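Structure record follows, encoded as structure tokens.
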Amino acid sequence: MSVWQWIKYFLLVVFRPRSITRMEWQMLIYLNRDRKDFALIKLFMQDDLRDVARKHSKDMVKKDYFAHQNFKGQSPADRMKVSRVTDSISGENLAKIGGYPEPVREAQEGLMRSPGHRANILNKKYNCVGIAIHKSKDGVYYFTQNFAKRILKFTKKIYKNVSLAKGLRLKGYSLEETSGLYYHLKERGMNAVLSEGPIPVDKRGEFDYDFRFPEIGAFEVFVFTPIGGKKGKMILANHFDISVKKWWFWR
């Protein structure tokens with residue numbers, strides 16, 4: 022947690038000690054304590070992952086089920102894709118707790134006792150998480166933890182719809198050392214690459230790139246990064262579905 026996040030958590034403890042938001046941050050603290058015991062890096066909370074987790078916890082409470090697959094048949098990976106979360110490595114933990122005075126602690130300890138859930142918590146590849154808690158009318162808490170390995174952090178929203186004139190702005194920074202980024206542009210659902218090329222990255226790992234499209238239509242943008250920060254073999258960091266319109270004002 023950053024200094025600002027600690028300040029917000031402290032304010033929640035003081036003024037809203039029983040709030041769901043405070044409980045979610047408390048679970049992050051427990052997660053990172055467990056990882057620290059095994060000399061693993063701390064996870065940081067991400068709003069997009071948190072949004073995916075919150076929707077699933079809320080859906081489980083609303084429709085009275087407890088499973089990774091929802092009633093639409095969507096897996097955790099499917100739900101992330103729908104929410105435009107495109108990290109190449111991800112995982113999910115669920116917990117359901119009722120009747121305990123400290124539900125967050127009980128949920129985290131229960132997850133650590135389960136081999137599969139423990140493996141997610143202690144996965145050294147993960148560096149971020151989204152945590153959500155939703156409470157049912159009968160006082161049962163539904164927990165969702167969505168983990169991911171994040172290579173790139175985008176500081177400007179990736180819009181699904183863009184205008185042909187403005188295109189797409191890719192702005193952010195790399196969470197790992199990299200010698201540069203690379204893109205492929207394809208028509209949606211097609212294998213042929215329409216265009217490809219480098220995305221400049223400065224010495225601090227930051228990038229700010231205006232991406233242009235050849236015409237209106239449905240496209241896919243693939244962003245790659247070199248493995249280990251060195252030139253050579255590339256791995257997919259992010260993938261975006263973009264609809265290009267002649268005019269689009271909602272940016």
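Numbering (the working numbering), first residue to last: 22 to 272. C-beta atoms are modelled at their ideal positions from N, C-alpha and C, and glycine is treated no differently. Computed from a predicted model, the values in this text were never measured in an experiment.
For His205, the enclosing beta strand (DSSP E) begins and ends at 202–208.
With a contact defined as Cβ atoms closer than 8 Å, Gly188 and Asp231 qualify at about 6 Å.
Contact annotation: Arg105 and Lys181 have beta-carbon atoms nearer than 8 Å.
Annotation: the continuous alpha helix (DSSP H) that includes Leu52 extends over 41–57. Nearest in C-alpha terms to Val125, of all of Ile237, Ile41, Ala239, Ile220, is Ile41.
CA-to-CA, the gap between Phe59 and Ile118 works out to about 26 Å. Apart from sequence neighbours up to five positions away, the residues of its chain that approach His89 with a beta-carbon distance below 8 Å are Ser96, Pro97, Glu113, Leu115, ordered along the chain. Here Phe175 has Gly193 as same chain residues with Cβ atoms under 6 Å from its own Cβ, once five neighbours each way along the sequence are excluded. Take Lys84, set aside five residues on each side of it, and the residues of its chain with a beta-carbon closer than 7 Å to its own are Phe92, in chain order. Ranking Ala239, Arg190, Glu241, Phe240 by CA distance to the CA of Ile220 puts Arg190 first.
Taking C-alpha positions only, Phe168 is separated from Ala186 by approximately 36 Å.
Distances from the alpha-carbon of Lys79 to those of Tyr163, Phe234, Asn212 put Tyr163 closest. CA-to-CA, the gap between Glu45 and Ser184 works out to about 38 Å. By the beta-carbon neighbour count (other beta carbons within 10 angstroms, threshold 16), Phe87 is exposed. Straight-line measurement puts the Cα of Tyr121 at about 27 Å from the Cα of Lys63.
For Glu236, no pairing in a beta bridge is given by DSSP. Sixteen is the threshold: when 16 or more other Cβ atoms of the shown chains lie within 10 Å of the Cβ of Asn259, as they do, the residue is buried.
If one requires a minimum length of 3 residues, the beta strand (DSSP E) runs lying completely within the stretch 132–169 are 149–156, in chain order. One alpha carbon belongs to Met133, the other to Gln166, and they sit about 13 Å apart. Boundaries of the beta strand (DSSP E) around Val265: 255–266. Around His155, the same chain offers Ser78, Lys79, Val82, Tyr163 as residues with beta carbons nearer than 6 Å, after the five sequence neighbours per side are excluded.
Within the model, the alpha-carbon separation for Phe245 versus Lys254 is close to 10 Å.
From the listed residues Pro235, Phe261, Glu127, the smallest Cα separation to Lys178 is found for Phe261. Separation of the CB atoms of Val73 and Gly137 is rounded to 19 Å, and the pair is thereby denied contact status at 8 Å. Annotated as proximal: Asp55 and Ile142, with beta-carbon spacing under 8 Å.
Taking 8 Å as the cut-off, the Cβ atoms of Gln129 and Leu206 do not count as close.
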